[in-house]
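Numbering (UniProt numbering), first residue to last: 1 to 955.
See structure below.
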């Protein structure tokens with residue numbers, strides 16, 4: 001028989017979703033043979049935490065294997081339902097958060113108890129409520145299947161499949177067949193296509209298998225499908241034989257059943273196996289009722305069933321005292337074969353998206369296929385599937401040890417063994433694999449993350465008090481990172497949480513003014529819980545026509561709710577800004593639109609921002625480029641209006657009690673991009689890093705745009721045209737890129753890299769390069785590059801042929817540090833001094849020494865000490881930093897010489913420059929034989945004594 005099943009494949013006539021209780025061995029209850037039924041089991045015969053694996057497995061059985069009947073089977077005295085009912089009736093549901101998978105399972109089964117309680121209003125009727133809850137739970141599970149599985153609904157509606165409920169009575173051994181769900185007709189109209197834990201929509205269409213029992217004496221794939229009525233009658237006949245104690249498959253006397261009811265169960269082993277009908281676990285191990293606590297799903301996995309599987313095993317090992325857990329895979333596993341196929345398809349055509357619960361299950365299992373391929377290397381698909389079965393067993397064991405503190409504690413104390421095995425269909429023998437190779441490592445861990453499906457975030461109430469803005473900003477950034485990576489934690493809001501918010505009140509960590517665009521749901525973007533953020537939304541995230549409601553609401557939030565952080569959030573491809581930009585271009589071309597609607601007035605007012613963006617980008621900018629830049633300017637505009645017209649907000653910002661930050665949400669990537677000034681004061685942006693957007697507009701005269709940067713011209717005049725021509729140049733603090741562009745185009749540098757800490761300015765630099773009309777601009781693409789990076793953090797180890805990376809991307813350690821013939825550092829030192837003090841200057845100069853090639857030049861344009869005094873009050877932190885500065889600009893030359901540079905020249909600035917920008921260029925050369933400076937460790941490599949000052953340092 002086993003060989004026939006292996007050769008011809010399985011064709012079960014029915015699928016049963018039953019309880020894992022060891023007193024209910026399903027193949028024994030219905031007196032069936034291997035191949036007859038496709039069995040799914042977990043504690044409570046529920047889909048509460050197992051929707052992915054249970055629904056997917058049933059879609060597989062009725063679609064691929066052709067089963068015509070699904071039976072959801074509960075049983076009397078069910079420990080899981082009793083536990084959920086008791087927890088609900090006694091009001092002991094997790095008030096301080098769920099601390100184990102078992103508690104999460106019982107918590108999510110509480111709606112069943114709620115429904116049962118309606119029939120028994122007296123709280124004391126625990127037994128009656130629990131008995132009713134068992135019946136309610138059966139139909140609750142059936143209704144879940146009908147609601148969330150489009151393939152099952154279609155097959156039921158076409159008459160190809162029937163879904164029935166039943167209750168197995170432990171005391172008599174009989175099954176009470178309850179028929180179809182009373183809500184079936186209603187639920188067949190459901191539009192849901194996928195269970196809640198799986199996010200993508202869709203449905204699968206599949207054919208059906210061949211008929212049931214045939215010439216081989218048991219069901220194989222060579223047999224045709226069996227109708228639902230035929231399967232149901234067969235179940236009734238088999239159950240009757242079991243009930244009277246005369247089964248064909250296994251003898252189970254009446255006294256045995258009575259003993260299990262009277263004395264309760266005490267299974268010595270829990271088994272997590274596959275739902276494949278060729279692997280009836282009680283039969284495989286020739287076990288009697290009460291011996292085994294059985295959990296089954298397609299692929300014996302925790303991928304989409306972590307809540308029910310982990311919780312059920314915690315119940316068995318903790319409450320029932322089982323000493324062994326066996327994770328059992330089997331050869332020729334259909335789920336593993338499907339997962340391997342999904343993985344291999346994804347390698348060639350990109351990631352596969354789940355369109356049904358089954359496909360989601362296979363994608364979840366594909367990680368085992370990837371690991372198997374990594375271990376085996378190139379091999380045939382059959383070999384890969386066979387090894388993947390083994391890998392999947394280890395992964396399931398490791399999952400249990402990683403995510404369950406109770407199981408880990410029992411293993412650590414020696415009270416529990418978790419081992420793996422593989423059932424070989426060909427021989428009927430089980431290969432016992434022993435413990436996981438990672439057991440010692442996992443058991444030693446003290447950290448206990450919740451299973452992914454059960455992870456959630458806490459809620460904030462007034463008991464938590466106000467949160468400081470920097471911490472709030474970090475929480476929002478972390479939440480956006482989770483959203484961007486597709487790993488959100490928000491959700492699972494319990495009634496207790498809602499009650500706490502209602503009774504204790506809200507204490508939002510931030511107020512967000514965002515756009516009403518439906519593609520930018522703010523709570524989702526930042527992965528927050530109810531009570532976390534105070535959200536205001538309108539078209540264009542603006543205060544232009546909503547100052548009354550927006551400002552009043554924000555004043556309420558920072559005043560009454562004591563919120564310390566305000567975020568103004570724009571987003572890419574903003575429809576309101578696009579409309580305003582179009583209005584601006586129409587007016588620019590003499591087609592001034594008429595204002596006849598409120599929308600027209602909104603776009604008209606926003607068009608002033610588009611006009612400003614157009615001015616900054618230049619007259620060659622396209623409408624799309626202007627709209628993109630206007631999104632950024634509009635964020636600052638809203639912040640400026642808020643500070644200008646709200647005395648309360650302005651006073652709190654000035655006092656340091658509230659911070660206002662701007663951001664842009666990228667619709668494509670899901671990331672929040674923060675650009676520009678880091679804070680604001682009295683309605684004005686504060687550029688703590690000197691990253692002024694219009695710096696070159698007042699630094700240069702109009703003629704500079706035709707002859708090149710004046711400082712570069714001075715260098716060329718002093719040292720000759722060869723100073724930059726054909727050289728590799730690094731421009732630190734490139735701003736909007738005009739110096740870098742001039743070096744490449746006007747002075748013919750071989751390669752130029754401009755770097756700036758502000759990604760918005762780097763974007764402007766790239767736009768300036770694209771719009772330049774210089775005759776050599778067409779050749780600059782390969783020789784000029786702009787990077788959003790910080791010289792103090794990125795070691796610039798990439799060779800020229802590599803593409804640029806993000807500032808926060810890890811640099812590749814094996815590469816040598818990139819060096820340059822000329823390093824330019826124009827008007828940067830003051831801002832590094834402001835941000836990092838003397839330590840920042842030490843590290844800047846040491847890095848510049850390392851980046852300058854032996855024989856190369858370092859050109860420094862330091863700001864004079866007088867400019868420090870003018871700008872030191874930009875923020876309180878800067879003022880405190882300046883008061884501690886010991887090494888002033890006039891000391892830089894001595895420091896650089898001590899570091900290893902040779903002084904070459906000091907070039908006077910042109911006399912016609914604005915007074916504030918008449919700064920000396922100080923040129924240094926790195927000798928050919930001087931080694932690198934010491935590592936950047938915060939201490940100076942060359943000691944420079946602070947000289948006595950006659951004047952008092954600013955404080």
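Even glycine gets a Cβ: it sits at the ideal position worked out from N, Cα and C.
Note that this is a predicted model, so its numbers are computed, not measured.
Q: Quickly, what does DSSP pair residue 785 with across the bridge? List them, please.
A: 753
Q. Roughly how many angstroms lie between the CA atoms of residue 888 and residue 907, to the nearest whole one?
A. 20 Å
Q: Use the C-beta contact count for residue 542: other C-beta atoms within 10 angstroms, 16 or more gives buried, fewer gives exposed.
A: buried
Q) Where DSSP assigns a beta bridge to residue 529, which residues make up the other side? A) According to DSSP, which records beta bridges pairwise, residue 529 is partnered with nothing at all.
Q | Whole runs of the beta strand (DSSP E) within the stretch 493 to 537, excluding any shorter than 3 residues | A | 510 to 515
Q.
I'd like to check one pair, residue 42 with residue 312: are the Cβ atoms closer than 7 Å?
A. yes
Q) Taking the alpha-carbon positions, what's the residue 407 to residue 44 distance? A) 20 Å
Q: Measure the Cβ-Cβ separation of residue 783 and residue 764 and say whether it is below 7 Å.
A: no
Q: Could you tell me which of 318, 606, 658 and 652 sits nearest to residue 638, measuring between CA atoms?
A: 606
Q | Start and end residues, alpha helix (DSSP H) containing residue 896 | A | 892 to 899
Q.
Here's a check: name, in chain order, each residue in its chain whose Cβ is nearer than 6 Å to the Cβ of residue 332, leaving out the five neighbours to either side.
A. 425
Q.
Taking the beta carbon of residue 578 as the centre, do at least 16 other beta carbons fall within 10 Å, making it buried, or is it exposed?
A. buried
Q) Which value, in whole angstroms, describes the spacing of the CA atoms of residue 510 and residue 474? A) 11 Å
Q) Could you give the distance in angstroms between the alpha-carbon of residue 956 and the alpha-carbon of residue 528? A) Because the chain spans 1 through 955 in this model, residue 956 falls outside it and cannot be assessed.
Q: Tell me residue 431's beta-bridge partners as DSSP assigns them.
A: 422
(Q) Quick check on residue 293: buried or exposed, where buried means 16 or more other Cβ atoms within 10 Å of its Cβ? (A) buried
**Q.** Nearest-angstrom beta carbon gap, residue 130 and residue 82 [assumed within contact, 8 Å]
**A.** 5 Å
Q) Helix, strand or coil: how does DSSP classify residue 297 here? A) strand
Q. Residue range of the alpha helix (DSSP H) that residue 833 falls in?
A. 829 to 851
Q | Assigned secondary structure, residue 29 (DSSP; H/G/I helix, E/B strand, else coil) | A | helix
Q: Thinking residue 711 and residue 921 are a contact (beta carbons under 8 Å), I'd like their distance in whole angstroms, please.
A: 6 Å
Q.
For residue 423 and residue 163, what's the separation of their Cα atoms in angstroms?
A. 30 Å
Q. Among the residues of its own chain, which have a CB less than 6 Å from the CB of residue 61, if the five just before and after it don't count?
A. 15, 38 and 67
Q.
In chain order, what are the residue ranges of uninterrupted alpha helix (DSSP H) at least 4 long that sit wholly in the stretch 582 to 660?
A. 598 to 617, 623 to 645 and 647 to 654
Q. If you check the beta carbons only, do residue 505 and residue 537 fall under 7 Å apart?
A. no
Q: Figure out for me which residue from 584, 788, 747 and 748 has the closest Cα to the Cα of residue 766.
A: 788
Q: Let me know if residue 319 comes out buried or exposed under the rule of 16 or more other beta-carbons within 10 Å of its beta-carbon.
A: exposed
Q) What does DSSP give as the partner residues of residue 258 in its beta bridges? A) Paired residues: none, contrary to the question.
Q | Pick from 137, 338 and 284 that is closest to residue 298, judged by C-alpha positions | A | 338
Q: Count the other CB atoms, across all protein chains shown, that sit within 10 Å of the CB of residue 534; report buried if there are 16 or more and exposed otherwise.
A: buried
Q. Do you know how far the Cα of residue 493 is from the Cα of residue 74?
A. 28 Å
Q.
Helix, strand or coil, according to DSSP, for residue 908 in the structure here?
A. coil
Q.
Tell me whether the stretch 646 to 655 and the stretch 459 to 470 touch, counting them as touching only if at least three CB pairs, one residue from each stretch, are closer than 8 Å.
A. no
Q.
Bridge partners for residue 189 per DSSP, in chain order?
A. Paired residue(s): none; residue 189 is not in a bridge.
Q) In angstroms, rounded to a whole number, what distance separates the CA positions of residue 877 and residue 644? A) 23 Å
(Q) Is it buried or exposed, residue 382, if we count other Cβ atoms within 10 angstroms and call 16 or more buried? (A) exposed
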